[in-house]
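K.L.:
Chains as they are written, first to last, in the numbering used here: chain A, 44 to 237; chain B, 96 to 271. Got a structure for you, written out below as structure tokens; questions coming shortly.
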Amino acid sequence: MVNLIWASMAIIGIVYALFNGTMDQVNQAIFESANQAVTLTIGLISILIFWLGIMKIAEKASILNMLAKLFRPIILKIFPDLPKDHPVIGYILSNITANIFGLGNAATPMGIKAMEEMKKLSNSDEASRSMITFLALNTSSLTLIPTTVIAIRIQFGSQEPTEIVGTTIIATIISTVAAILIDRYFYYKSLRRK
Amino acid sequence: MAFISMISSWIIPLFILIVLLVATWKKLPTYELFVEGGKEGIQMALSLLPFLLGMIVSIAILRSSGALEAFIQLISPLLSWLGIPPDIIPLALVRPISGTAALGMTTELINTYGPDSFIGRLASTMQGSTDTTLYILTIYFGAVGIKRMRYALKVGLLADLIGIIASVIVVTFIFS
Numbered sequence: 044m045v046n047l048i049w050a051s052m053a054i055i056g057i058v059y060a061l062f063n064g065t066m067d068q069v070n071q072a073i074f075e076s077a078n079q080a081v082t083l084t085i086g087l088i089s090i091l092i093f094w095l096g097i098m099k100i101a102e103k104a105s106i107l108n109m110l111a112k113l114f115r116p117i118i119l120k121i122f123p124d125l126p127k128d129h130p131v132i133g134y135i136l137s138n139i140t141a142n143i144f145g146l147g148n149a150a151t152p153m154g155i156k157a158m159e160e161m162k163k164l165s166n167s168d169e170a171s172r173s174m175i176t177f178l179a180l181n182t183s184s185l186t187l188i189p190t191t192v193i194a195i196r197i198q199f200g201s202q203e204p205t206e207i208v209g210t211t212i213i214a215t216i217i218s219t220v221a222a223i224l225i226d227r228y229f230y231y232k233s234l235r236r237k
Numbered sequence: 096m097a098f099i100s101m102i103s104s105w106i107i108p109l110f111i112l113i114v115l116l117v118a119t120w121k122k123l124p125t126y127e128l129f130v131e132g133g134k135e136g137i138q139m140a141l142s143l144l145p146f147l148l149g150m151i152v153s154i155a156i157l158r159s160s161g162a163l164e165a166f167i168q169l170i171s172p173l174l175s176w177l178g179i180p181p182d183i184i185p186l187a188l189v190r191p192i193s194g195t196a197a198l199g200m201t202t203e204l205i206n207t208y209g210p211d212s213f214i215g216r217l218a219s220t221m222q223g224s225t226d227t228t229l230y231i232l233t234i235y236f237g238a239v240g241i242k243r244m245r246y247a248l249k250v251g252l253l254a255d256l257i258g259i260i261a262s263v264i265v266v267t268f269i270f271s
């Protein structure tokens, strides 16, 4: 699926450029965007090193396990396939908390770590049920305080830059609940097919 | 609001403080553990690079050729029939594909229509209430080497659609 999407985005782009006369822009974009990707990854390296370092200490000091114990019932409701006492619950919780407070920088390393633990549990290169649920939660965005958007609104002289916090929270809750329900629907559908 | 933004800037330093206090109290080798964990970070970022680069270049080709814009114009009648204002449609379609492009569009819409206009509020809400599905899929599955992602993309994109429709309804309902 991702192979098809990836290839067709590039194929459609190049074929369209053939007829649209935008080949110059495409040629330029290829190298500029490759550069951008490297810059983005370098930006990620600093965050990943710092957070995975801190989280390693948190894990060894059993702080993740404490967190996990506290919220275990809720997490296990959303992720019924996860074992009850596993550090992955701690990572999922840290990812969700960081997302809620709009700390995307901290959320990504913890999310990757959670994925890594889930992969150890499933031991296959196929996405497990828990992985997809986790992904659905993250793509629907859990941000309650959209700090970047508020900053842009201030920059353009909004009378009330934070007035959109309420609508964002309501829309986020709707899309998150929808994501969980859609995820359940496709999971049970995939069971029936087997 | 002031309280919430205070929490946002306090939570990371406080978390680090608690981790270090507890670990020191338990007599753990904090610095060595930090370095050990940090090394994983380097490997992770390097293994992510090809996934990220491939996806970003492919999206850049699609955008720079003008094909994405043409596609958006093609399907806007359908979306405006659903009650989504035409000016917001490019943002709604780009939001799941490219985070930077979406942020650029939101900034442009706020600049053109004003932050306190209907479009400005809607763009703000949309930007905040959905995330870049393709980016998250690439990073999270790429980092741990998931090859078959099953129904993950469908779930992510459908959730985006509902998030966008929800934004339109909520903003219409609250601000008019």
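Every residue gets a Cβ at the ideal spot worked out from N, C-alpha and C, and that includes glycine.
(1) So if I threshold CB-CB distances at 9 angstroms, which residues from the region 184-217 of chain B count as touching chain A?
(2) Chain B partners of residue 229(A), CB-CB under 7 angstroms?
(3) Where does residue 203(A) sit, in a helix, a strand or coil, going by DSSP?
(4) State the Cα-Cα distance for the pair residue 196(A) and residue 95(A), rounded to the nearest angstrom.
(5) Just the chain A side, please: which residues come within less than 9 angstroms of residue 311(B) by C-beta, in chain order?
(6) For residue 190(B), name the three-state secondary structure that DSSP assigns.
(7) Kindly say whether residue 124(A), judged by its beta-carbon, lies nearer than 8 angstroms to any beta-carbon of chain B.
(8) Using the Cβ count rule (16 or more neighbours within 10 Å means buried), how would you classify residue 132(A)?
(9) The alpha helix (DSSP H) with residue 223(B) in it runs from where to where?
(10) Quick one: what's got a C-beta closer than 8 angstroms to residue 222(A)'s C-beta in the same chain, skipping five residues either side?
(11) Count the other CB atoms, across all protein chains shown, that sit within 10 Å of the CB of residue 158(B); report buried if there are 16 or more and exposed otherwise.
(12) If I follow the unbroken alpha helix (DSSP H) through residue 142(A), where does it start and stop?
(13) From residue 74(A) to residue 56(A), what distance separates their C-alpha atoms?
(14) What are the boundary residues of the alpha helix (DSSP H) that includes residue 98(A)?
(15) Using DSSP's beta-bridge definition, name the partner residues of residue 127(B).
(16) Is residue 225(B) buried or exposed, if buried means 16 or more other CB atoms sit within 10 Å of its CB?
(17) Is the beta carbon of residue 105(A) within less than 7 angstroms of some heavy atom of the ligand ZN?
(18) Looking at residue 193(B) and residue 53(A), is the spacing between their C-beta atoms short of 8 angstroms?
(19) Using C-beta distances below 6 angstroms, list every residue in its chain close to residue 137(A), excluding the 5 sequence neighbours before and after it, in chain order.
(20) Just to confirm before moving on: does the CB-CB distance between residue 97(A) and residue 111(B) stay below 8 angstroms?
(21) What's the call for residue 168(A), buried or exposed, on a 16-neighbour Cβ count within 10 Å?
(22) When the Cα atoms are used, what is the spatial distance from residue 236(A) to residue 229(A)?
(23) Report the three-state DSSP secondary structure of residue 243(B) (helix, strand or coil).
(24) Closer than 8 angstroms, CB to CB, is residue 111(A) near chain B or not?
(25) Which residue marks the beginning of the alpha helix (DSSP H) containing residue 171(B), and which one marks its end?
(26) For chain B, find out if any of its Cβ atoms is closer than 8 angstroms to the Cβ of residue 261(A); answer yes or no.
(27) Please state whether the Cβ-Cβ distance between residue 218(A) and residue 223(B) is less than 8 angstroms.
(28) Buried or exposed, going by whether 16 or more other CB atoms sit within 10 Å of the CB of residue 169(B)?
(29) Of all Cβ atoms in chain A, is any one closer than 8 angstroms to the Cβ of residue 144(B)?
(30) Roughly how many angstroms lie between the CA atoms of residue 211(B) and residue 205(A), to the nearest whole one?
(31) With a cut-off of 8 angstroms, does the C-beta of residue 150(A) fall near any C-beta of chain B?
P.N.:
Here's the rundown:
(1) 191, 192, 195, 198, 201, 202, 205, 206, 209, 210, 211, 215, 216 and 217
(2) As a position in the first sequence, residue 229(A) is number 186, starting the count at 1. Simply 246, 249 and 250.
(3) The count along the first sequence starts at 1 and reaches residue 203(A) at position 160. Of the three classes helix, strand and coil, the one that applies to residue 203(A) here is coil, per DSSP.
(4) Taking the first residue of the first sequence as position 1, residue 196(A) is located at position 153. Taking the first residue of the first sequence as position 1, residue 95(A) is located at position 52. Rounded to whole angstroms, residue 196(A) to residue 95(A) spans 33 angstroms at the Cα level.
(5) Shown here, chain B extends from 96 to 271; a query on residue 311(B) therefore has no answer.
(6) The residue you call residue 190(B) lines up with position 95 of the second sequence. Correct three-state label for residue 190(B): coil.
(7) Translated into the one-based positions of the first sequence, residue 124(A) becomes position 81. Answer no: the Cβ-Cβ gap between residue 124(A) and chain B never drops below 8 angstroms.
(8) Reading the first sequence from its first residue, position 89 is the one you call residue 132(A). Its Cβ being crowded by 16 or more others within 10 Å, residue 132(A) is buried.
(9) On the second sequence, position 128 is the one that residue 223(B) refers to. Residue 223(B): member of the alpha helix (DSSP H) spanning 213-224, first to last residue.
(10) Stepping through the first sequence from its first residue, residue 222(A) is reached at position 179. These residues qualify, in order along the chain: 179, 180, 182 and 183.
(11) Residue mapping note: residue 158(B) aligns to position 63 of the second sequence, counting from 1. By the 10 Å Cβ count, residue 158(B) comes out buried.
(12) Position 99 of the first sequence, counted from the start, is the residue given in the question as residue 142(A). Element bounds for residue 142(A): 130-143.
(13) Against the first sequence, residue 74(A) aligns to sequence position 31. Against the first sequence, residue 56(A) aligns to sequence position 13. Roughly 15 angstroms between the two C-alpha positions.
(14) As a working mapping, residue 98(A) is identified with position 55 in the first sequence. Its alpha helix (DSSP H) spans residues 66-103.
(15) Taking the first residue of the second sequence as position 1, residue 127(B) is located at position 32. DSSP lists no partner for residue 127(B).
(16) Taking the second sequence and counting its residues from 1, one reaches residue 225(B) at position 130. Of the other Cβ atoms in all chains shown, 16 or more fall within 10 Å of the Cβ of residue 225(B); this residue is therefore buried.
(17) This structure lacks the ligand ZN, and indeed carries no ligand of any kind.
(18) What you label residue 53(A) is simply residue 10 of the first sequence in a count that begins at 1. What you label residue 193(B) is simply residue 98 of the second sequence in a count that begins at 1. Not closer than 8 angstroms, so no.
(19) Numbered from its first residue, the first sequence carries residue 137(A) at position 94. For residue 137(A), where only same-chain residues beyond five positions count, the Cβ hits under 6 angstroms are 153.
(20) What you label residue 97(A) is simply residue 54 of the first sequence in a count that begins at 1. What you label residue 111(B) is simply residue 16 of the second sequence in a count that begins at 1. Contact: yes.
(21) For the purposes of this step, residue 168(A) is identified with residue 125 of the first sequence, where counting begins at 1. By the 10 Å Cβ count, residue 168(A) comes out exposed.
(22) As a first step, residue 236(A) must be located in the first sequence, where it is residue number 193. As a first step, residue 229(A) must be located in the first sequence, where it is residue number 186. Each residue's Cα considered, the two are about 11 angstroms apart.
(23) For the purposes of this step, residue 243(B) is taken as the residue at position 148 of the second sequence. The answer is strand: DSSP assigns residue 243(B) an E or B state.
(24) To locate residue 111(A), count along the first sequence from 1; it is residue 68. No, no contact with chain B.
(25) As a working note, residue 171(B) is residue 76 in the second sequence. Residue 171(B) -> alpha helix (DSSP H) spans 162-176.
(26) With chain A covering only 44 through 237, there is no way to say anything about residue 261(A).
(27) In the first sequence, counting from the first residue as 1, residue 218(A) sits at position 175. In the second sequence, counting from the first residue as 1, residue 223(B) sits at position 128. It is not a contact, given that the beta carbons lie outside the stated cut-off.
(28) Position 74 of the second sequence, counted from the first residue, corresponds to residue 169(B). Per the 10 Å Cβ criterion, exposed.
(29) Working through the second sequence from its first residue, we reach residue 144(B) at position 49. Yes, residue 144(B) lies at the interface with chain A (some Cβ there is under 8 angstroms from its Cβ).
(30) Working through the second sequence from its first residue, we reach residue 211(B) at position 116. Working through the first sequence from its first residue, we reach residue 205(A) at position 162. Answer to the nearest angstrom: the Cα atoms are 11 angstroms apart.
(31) Stepping through the first sequence from its first residue, residue 150(A) is reached at position 107. Chain B, which has no Cβ nearer than 8 angstroms to the Cβ of residue 150(A), makes this no.
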